[in-house]
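Below: one structure, written as structure tokens.
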Amino acid sequence: MSRLRTAVNNLNLRRLRFWLQLGFFALLVYGGYFAINLGNNLPTFACGFNQEGRGGVCFLLPLQHLMAMNWKALFGYAGIGVLTAFLWFALWFFVLNKAWCGYACPLGTIQDWITALRTRLGIRYARYSQAQFRALTPIKYVLLALTILIPLAIGGGLLPHTMGTPFCDICPGRMVIPLFTGDASQLTIDFSSKTAMVMTALGMLVTGLFFTGAFIKKRFFCFFCPMSALHYLFSKPALLKLKKDGDKCTRCGDCYRVCDMEIKEIADEVNEPRIMQDDCILCLKCVAACPEDGALKATFAGIPIYESTEQGFIKRMHKGNTSERHDHD
Amino acid sequence: MIKHASAFLLVMLTLAVAGGNAIASEVLWLSEVPPHAGHGGGEHAHGGTVVKRRGVYYKNLWLRHEDNPQQAGYVQQLPSHSPLLLLDTSGQPHEQAVQRDAVHGLYNVEFPMPEEGFYNAYLTHQRLNVDEGRRLIYIAKAEVLKHSCREGHDDVQSKMPPRHNPAIPLELVRERLPKENFHSLLSHGDTVSFQVLRNGEPLPGAAVTFTTAQGWSRQALSDSEGRVSYTLIRDYYPPWHEFEKRKAQPYLVIAAHTVPEAGEVEGTPYRQTVYRSSLAGNYYPSPRDYESYAYGISFGLFALLATGLGIYLYRRRRHRPYREVQFDE
Chain P
20 MSRLRTAVNN LNLRRLRFWL QLGFFALLVY GGYFAINLGN NLPTFACGFN
70 QEGRGGVCFL LPLQHLMAMN WKALFGYAGI GVLTAFLWFA LWFFVLNKAW
120 CGYACPLGTI QDWITALRTR LGIRYARYSQ AQFRALTPIK YVLLALTILI
170 PLAIGGGLLP HTMGTPFCDI CPGRMVIPLF TGDASQLTID FSSKTAMVMT
220 ALGMLVTGLF FTGAFIKKRF FCFFCPMSAL HYLFSKPALL KLKKDGDKCT
270 RCGDCYRVCD MEIKEIADEV NEPRIMQDDC ILCLKCVAAC PEDGALKATF
320 AGIPIYESTE QGFIKRMHKG NTSERHDHD
Chain U
600 MIKHASAFLL VMLTLAVAGG NAIASEVLWL SEVPPHAGHG GGEHAHGGTV
650 VKRRGVYYKN LWLRHEDNPQ QAGYVQQLPS HSPLLLLDTS GQPHEQAVQR
700 DAVHGLYNVE FPMPEEGFYN AYLTHQRLNV DEGRRLIYIA KAEVLKHSCR
750 EGHDDVQSKM PPRHNPAIPL ELVRERLPKE NFHSLLSHGD TVSFQVLRNG
800 EPLPGAAVTF TTAQGWSRQA LSDSEGRVSY TLIRDYYPPW HEFEKRKAQP
850 YLVIAAHTVP EAGEVEGTPY RQTVYRSSLA GNYYPSPRDY ESYAYGISFG
900 LFALLATGLG IYLYRRRRHR PYREVQFDE
């Protein structure tokens, strides 16, 4: 048992994550071609606009549709449907927590591939200052609020129906993910109404910005992702958790340096064992980069499944001459 | 087959022979558009307007005469109250009573649609043209989709193929577009095909007339497989600020077939029988009219290049070698 645990703790996380991301990408972007359907309430960007290939649908799409129902229905019999959809979302999320972002999200994976391309080209990446970081963090909550409130206002007749899925209109996933199945139909401006024109133009501008941003900033879009905000609101009871033993931490800062989301608390916080922050994507790169035995660990239902060890750190850093070095690029 | 034939026979037996001017013109068809805004009300759903009661969708169809799908009048006099023959999504026949609305006495029929898929509704009516010695048999058909996204999208393709009723003497069947699903909409520029069936068998040489809301009409003869095709013309020219991309443009298809079937009805002889079958539907503005790839890709590229150039210049400025500034004191 201890040998198995040692082997797991020593594993090359970067390689494992690459293959897991690739598997999830294939499942969620091409699963539809193999009659795979994981339902309409997935806590990740399995884009519903990827009509034929999708292996499931991102919860934000049905959420906006449901919220846009007229209020009489929404607060009547149809409310049961909303609760059922939310329950399915919560059940999926309960298992993997925010690892849906770090391992399963196709848009996150695309950003990681763009980062790998930048690394190969030898172009340095950008980081936010702490002031910028603090200013940007609330944006995803604002977007989440708008994602719910705008459809709700439509259901009440306060806004036009052409704004029915406001977040999908501006989400780069709508434009980018269907491209992987050869569908370029989302790369258009819709001139059928003023609202549609503004929203689709905004969507294309965000898509252009997405490519530049993802090229120079790791996980650029994830800072603004309302799904990430929704995750954090329900992350406490989830099974997969990231924990820190502050007594074992030397505050060397390795974890902060490898963090794609630049979460400073991962290095600074030594009192609170539940270290996961709202921007965390549970990629576990911090655990892999930590040289202290048991300082950082991932647990599933309270059982440690992957934890930092000195041996694992040395092994990964030794291999890192060829494979792990990109974490710092 | 026997079940269908007996159901049709039952419908025919309930018909009284309508003398004189039972309906004003040579066509009878089923429309989902109520005669007045107050009739039926209802909510929008995939497949048209429905009324929802306790979570079950109900469809209301109105009997109309005259061949313009927009301006045709509603039937006020129909001496026989023939029941509607309804084939549900599994092909099982049901009868539904035709009723008159309380306000204007117009003929309509309402039926529940508990299951996802297509419902076929048939209403048959016959009258004698004593002067010309002809028996006229009108077959008004409607094909109604029931779909709610809340029911999911599993197994859609198995529910898509059109069904027909071999007991119907003359039937129009709309063939499906490639990859058509519950969300597909016919739009102008599409080619729509119909098959004319005589008791379930393809009927060559039948005269089929296609008419749009603006009065554009085209007649064609069915080919050796009973098939006839039309390219849908653009029939909707509003000012831009009034444009609705979900504007339903009605069409009406009428097939006519004359056979030398002689006989008599209640002592009145006739020399031949004329069958007139109708099928109404809707098509919509084409996305090609209001969506632009050129603008979409231009906006995306603009955002990509502008932000990319901005970042490049920002980094280049920061890379400039230090230049000492000397003040002349």
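Protein sequence lines correspond, in order, to chains P and U.
When we follow my numbering, the leftmost residue of the first sequence carries the number 20, and every step to the right adds one.
When we follow my numbering, the leftmost residue of the second sequence carries the number 600, and every step to the right adds one.
Think of the CB as a built atom: it goes at the ideal place given N, C-alpha and C, for glycine as much as any other residue.
Item	Value
Buried versus exposed, by CB contacts within 10 Å (16 or more), residue 52 of chain P	exposed
7 Å Cβ cutoff met for residue 825 of chain U and residue 801 of chain U	yes
Euclidean distance between Cα positions of residue 107 of chain P and residue 60 of chain P	6 Å
Unbroken stretches of the beta strand (DSSP E), 3 residues or longer, contained in the region 814-855 of chain U	816-820 and 826-830
Per-residue contacts from residue 644 of chain U into chain P (C-beta, under 9 Å)	Under the 9 Å cutoff, chain P gives no residues; its nearest Cβ is about 11 Å from residue 644 of chain U.
Partners in chain U for residue 211 of chain P, counting only beta-carbon separations shorter than 7 Å	842, 844 and 889
Any 3 or more C-beta pairs closer than 8 Å across the region 228-237 of chain P and the region 253-263 of chain P	no
Interface residues of chain U facing residue 231 of chain P [CB-CB closer than 9 Å]	902, 903, 904, 905, 906, 907, 909 and 910
Under 7 Å by beta carbon: chain P residues contacting residue 749 of chain U	100
Short-range partners of chain U found in the region 28-60 of chain P, where Cβ spacing is below 9 Å	56, 58 and 59
Min CB distance residue 781 of chain U to chain P below 7 Å	no
Beta carbon of residue 718 of chain U nearer than 7 Å to that of residue 702 of chain U	no
Cα-Cα separation between residue 728 of chain U and residue 779 of chain U, rounded to whole angstroms	42 Å
Close Cβ partners of residue 711 of chain U (< 6 Å) along its chain, the five nearest in sequence each way excluded	655 and 657
Residues within the region 320-341 of chain P neighbouring chain U, beta-carbon criterion of under 9 Å	none
Contacts that residue 894 of chain U makes with chain P (C-beta to C-beta distance below 7 Å)	208
When P:220, P:235, P:252 and P:313 are compared against residue 901 of chain U, the one with the closest alpha-carbon	P:220
Alpha carbon of residue 642 of chain U to alpha carbon of residue 175 of chain P, nearest angstrom	14 Å
Cβ-Cβ separation, residue 884 of chain U to residue 835 of chain U (assumed contact under 8 Å), whole Å	6 Å
Separation of residue 629 of chain U from residue 821 of chain U, as counted between CA atoms	22 Å
Local Cβ density within 10 Å of residue 774 of chain U, reported as buried at 16 or more and exposed below that	exposed
Where residue 333 of chain P falls, given that 16 or more other Cβ within 10 Å makes a residue buried	exposed
Coarse secondary structure for residue 125 of chain P, derived from DSSP in three states	helix
Per-residue contacts from residue 753 of chain U into chain P (C-beta, under 9 Å)	56
Three-state secondary structure assigned by DSSP to residue 255 of chain P	coil
Listed by chain order, chain P residues near residue 898 of chain U by CB distance under 8 Å	208, 220, 223, 224 and 227
Simplified DSSP assignment, three categories, for residue 148 of chain P	coil
Limits of the alpha helix (DSSP H) - the one that residue 90 of chain P falls within	90-93
Reduced DSSP category for residue 96 of chain P - H, G, I as helix; E, B as strand; rest coil	coil
Between the CA atoms of residue 307 of chain P and residue 151 of chain P - distance to the nearest angstrom	27 Å
Sequence ranges, alpha helix (DSSP H) only - wholly within the region 882-924 of chain U, length at least 4	886-889 and 892-918
For residue 27 of chain P, the residue or residues it bridges with in DSSP	For residue 27 of chain P, which the question treats as bridged, DSSP gives no partner whatsoever.
Local Cβ density within 10 Å of residue 250 of chain P, reported as buried at 16 or more and exposed below that	buried
Through-space distance from residue 286 of chain P to residue 272 of chain P, alpha-carbon basis	5 Å
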